[in-house]
Amino acid sequence: TMGHAFGDEVLRSLGIQIGAIFRASDIIGRVGGDEFMVFLKDIPNDEAILKEAKKVEAFFKSFQAGEYVKYKATASIGVAIFPQEGNDFETLYKAADQGLYKAKKRGKNQLAFYKDRGQAEQNEPSDTAE
1 TMGHAFGDEV LRSLGIQIGA IFRASDIIGR VGGDEFMVFL KDIPNDEAIL
51 KEAKKVEAFF KSFQAGEYVK YKATASIGVA IFPQEGNDFE TLYKAADQGL
101 YKAKKRGKNQ LAFYKDRGQA EQNEPSDTAE
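Read in order, the letters of the sequence shown correspond to residues 1 to 130 in our numbering.
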């Protein structure tokens, strides 16, 4: 491994860079360890969610942690929808976390909705998400 200092720098750099792929109205934050949370407003349907996931996928494929070191990072994504899966932060967070657990259980680079979405989840990007 490259050590804790390098890991901290990777996470700091990731947090700064990932903010650039979302809109100013979206909220991005680190919730602990290597986990980040993104709140996306006004996303009309599952296909639009998958489009956002593709942006995350592309970001991680090109992510560079430092000037000289290319660090391969992946993203597993858990998705919860307001208000269907919760209308307060705690409920939505738990739902998204359960989606994340499902994604990680499937293997790296996956996306999973809290509740199965049928066709939309079947067509999810193959390299999306940890």
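Cβ atoms here follow ideal geometry from the backbone N, Cα and C, with glycine treated the same way.
Between the segment 8-18 and the segment 28-41 there are three or more inter-stretch CB-CB distances shorter than 8 Å, so the stretches are counted as touching. In the structure shown, I81 adopts coil according to DSSP, grouped into three states. By the criterion of a C-beta distance shorter than 6 Å, K102 is surrounded in its chain by A112, once the five residues flanking it on both sides are discounted.
In the three-state scheme derived from DSSP, where H, G and I count as helix and E and B as strand, R23 is classed as coil. Linking F63 to V56 through their CA atoms gives a straight-line distance of about 10 Å. The C-beta distance from V79 to A96 rounds to 6 Å, short enough to fall under 8 Å. In the structure shown, I43 adopts coil according to DSSP, grouped into three states. Excluding the 5 residues flanking it on each side, V31 has same chain C-beta neighbours closer than 7 Å at M37, in chain order.
According to DSSP, G7 shares a beta bridge with no other residue.
Residue range L111 to F113 is occupied by the beta strand (DSSP E) that includes A112. As the crow flies, the alpha-carbon of G107 is around 21 Å from that of D46.
In the three-state reduction of the DSSP assignment, F63 falls in the coil class. Leaving aside the five residues that flank K41 on each side, the residues in its chain whose CB is nearer than 7 Å to its CB run, in chain order, S25 and D26.
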